[in-house]
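Visitor: Per the working numbering, residue 3 is the first one in the sequence shown, and the count goes up by one each step.
Built from N, CA and C at the ideal position, the CB exists for glycine as well.
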Amino acid sequence: MVKSLSGPESNKDNIAIYAGLMVSVFTFGEFVGAPLWAKVSDRIGRKPTILIGSMGAVFSALLFGFSTSIPMAIAARTCGGLLNPNLGVVPTFVGDLILLLGTIAEGFSVVPFLRGLGTIIGPVIGGYLAEPVKNYPSLFHEGTIWDKFPYLLPNLVVVIFLLGSCTLGLFCLEEVHPKFRDQVDIRWTLVSGIRNIFKGRGWSTHEGTYTSLRADEDDMELLSPAPPIEAPEEHEAKQPPSAFTRQVKLQILSIAIQGFLKISTLAIVPVFLATPSEPDQPQNPTRGFEVIKGILGIKGGFGLDTMNTSNVLLSQAAAAIIGQRKLVPRIIDRHGALRSYRAVVVILMFLYCLLPFTATWSTWAGLPTMLIILWVYAVASSLATTCSQILLTNTVPSPIYLATVNGAAASVGCLARTLGPAVSGPLFKLGLQIGYVGLPFWLLGVVTGLGGIVSLYLVDHV
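1) For residue 147, is the classification buried or exposed, using 16 other Cβ atoms within 10 angstroms of its Cβ as the cut-off for buried?
2) Please go through the same chain and pick out, in chain order, the residues whose beta-carbon is closer than 8 Å to the beta-carbon of residue 92, but skip the five residues on each side of it.
3) If I measure Cβ to Cβ from residue 231 and keep anything under 6 Å in the same chain, skipping five residues before and after, which residues do I get?
4) Starting from the C-beta of residue 223, find all residues in its chain whose C-beta is less than 7 Å away, skip the five residues before and the five after it, and write them out in chain order.
5) Return the CA-CA distance between residue 78 and residue 63, expressed in angstroms with no decimal places.
6) To the nearest angstrom, report how far apart residue 410 and residue 254 are at their CA atoms.
7) Quick one, are the C-beta atoms of residue 125 and residue 270 less than 7 Å apart?
8) Evaluate residue 1 with the Cβ neighbour count: other Cβ atoms within 10 Å of its Cβ, from every protein chain shown; 16 or more gives buried, anything less gives exposed.
9) What separation, rounded to the nearest whole angstrom, lies between the Cα atoms of residue 345 and residue 117?
10) What residue from 415, 429 and 450 has the CA that sits closest to residue 355's CA?
11) Under 7 Å between the Cβ atoms of residue 360 and residue 371?
12) Would you identify the three-state DSSP class for residue 354, choosing helix, strand or coil?
13) Between residue 384 and residue 326, is the Cβ-Cβ spacing less than 7 Å?
14) Does the beta-carbon of residue 173 have 16 or more other beta-carbons within 10 angstroms, so that it is buried, or is it exposed?
15) What three-state label does DSSP hand residue 138 in the structure shown?
16) Any idea which residues DSSP pairs residue 300 with across the strands?
17) I'd like to check one pair, residue 446 with residue 263: are the Cβ atoms closer than 7 Å?
18) Write down the C-beta distance between residue 177 and residue 90 rounded to the nearest angstrom, noting that I regard them as a contact closer than 8 Å.
19) Taking the continuous alpha helix (DSSP H) assigned at residue 512, which residues delimit it?
20) Decide yes or no for the touch test of the region 335 to 349 against the region 387 to 396: beta carbon pairs closer than 8 Å, at least 3 of them.
21) Tell me which same chain residues have a C-beta within less than 8 Å of the C-beta of residue 134, skipping the five on either side of it?
22) By a C-beta neighbour count over all protein chains shown, 10 Å radius and 16 as the cutoff for buried, is residue 184 buried or exposed?
23) Could you check which residue in 65, 334, 55 and 398 has the C-alpha nearest to that of residue 87?
24) What is the DSSP secondary structure of residue 363, reduced to helix, strand or coil?
25) How long is the line joining the alpha carbons of residue 429 and residue 252, rounded to whole angstroms?
26) Any idea if residue 403 is buried or exposed, counting beta-carbon neighbours within 10 angstroms, 16 or more meaning buried?
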């Protein structure tokens, strides 16, 4: 899409820059918008905020589909990030709901499971429906709107999904904010109004008549207010503590580290898989100890083509979905969120250090080991994300601060995800030039170790 919007004279470097910019502006939009949406959800409720965000996503998807230039597409992506409340509000919604139902591990594993499912469905929609005139000439003809806007069709399908999601949310979601939980839901107002229209009463949501009842003097005496009782000072209501306690700040830092690791891995793993095992570069590109070069020197990746790389990533997404649904809740229920998180940090550190070395092994050993590492990583990363969200929810000092804290965590996480590719991408390029492709992976291992140190100071309750 970027190539077609850039024109035939654009070079590959500009295309890569614009493509990265479209990812960055969306994440930056989320970084700016997440705290604002958290405040909105505290003022009007979780459910209306999610519905408003769904309609905002409809607008940004349509704008993106109708984009005819790079600036317009970037503006659409920016709007998509700004109008996306899901990052902070949905975890808050789940947290409020779990406080009512008590299903902690299973509840927090649902959202990552569905997000993983979306990572499979989304690329399929984009890949099969983009440029329909070129790919399906018998159904879509030249000179039509599909020819003028070749990337409109997949965005329209996304809009249909969003409208369906909004409809389900309107009629099936319950408000979980403690302040608005007992208020009349908008869906019943709509249903009542529509029913009255069909009955010929007009748009009126009030039904029935009321007759005042006579109150006897004895009743009035019973209903008269009693004199106020002064409570002892030790029982006076205390103001809730600050939202951002030391523990909450540590939890947010932990979530930011996980976001940095995940987005960096998503950025460099496909490149690592596609990089030729023997790229055109000097055989001894660095100076240093021969022992170090012999152990750590890795000059390339697996050299997989696009289809095989996609198959590997697809299998990784499938492993994440299965693990999130079948393994993650059981592990957390058995060992607890904090113990599971500390254990998974050690596993991730080991995986990051080992993964680049598989490219130097023989095909029969390196390729299967690489697949196993990526599958284990997918499950471990999902487990770490779920544990982090549970720990954050459990350590918020008061439920009234849940949206504020989740919004701040989402915002800081977006900033970390913005920095991830900016650091890991150039580091991979540097490693390829000097003959140490493992550099970005080892950096991620170090960052994981820092996350492990932070985890030693975490608690699993307020």
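Guide: According to the data block:
1) With fewer than 16 Cβ atoms within 10 Å of its Cβ, residue 147 is classed as exposed.
2) Result list for residue 92: 52 and 113, in chain order.
3) Legend: pLDDT at residue 231 = 47, less than 50; position of this residue unreliable, value from coordinates given subsequently. Result list for residue 231: empty, nothing under 6 Å.
4) The pLDDT assigned to residue 223 is 49, lower than 50, so where the model puts this residue is not dependable; a value taken from the coordinates is nonetheless given after this. So no residue of the chain qualifies.
5) The alpha-carbon of residue 78 is positioned some 7 Å away from that of residue 63.
6) Distance from the CA of residue 410 to the CA of residue 254, rounded to the nearest whole angstrom, comes to 8 Å.
7) Cβ atoms of residue 125 and residue 270: not closer than 7 Å.
8) Any property of residue 1 remains undetermined from this structure, which presents the chain solely from 3 to 464.
9) Distance between the alpha carbons of residue 345 and residue 117 is about 24 Å.
10) That would be 450, whose Cα lies nearest to the Cα of residue 355.
11) Result yes, Cβ atoms of residue 360 and residue 371 sit closer than 7 Å.
12) Residue state, collapsed to three classes: helix.
13) Against a cut-off of 7 Å, the Cβ pair of residue 326 and residue 384 comes out as a contact.
14) Result: exposed.
15) Annotated three-state conformation of residue 138 is coil, per DSSP.
16) Per DSSP, the beta bridge partners of residue 300 are 438.
17) Between residue 263 and residue 446, the CB-CB gap stays under 7 Å.
18) Not a contact, Cβ separation roughly 17 Å.
19) Because the chain is modelled from 3 through 464, residue 512 falls outside the range shown and cannot be assessed.
20) Counting C-beta pairs closer than 8 Å gives three or more between the region 335 to 349 and the region 387 to 396, which meets the contact rule.
21) So the list reads 141, 142, 148, 152 and 155, once near-sequence residues are dropped.
22) With fewer than 16 other Cβ atoms within 10 Å, it is exposed.
23) Checking every option, the nearest Cα to that of residue 87 belongs to 55.
24) Reduced to three states, the DSSP call for residue 363 is coil.
25) Between the C-alpha atoms of residue 429 and residue 252 there is a straight-line separation of about 27 Å.
26) Label assigned to residue 403: buried.
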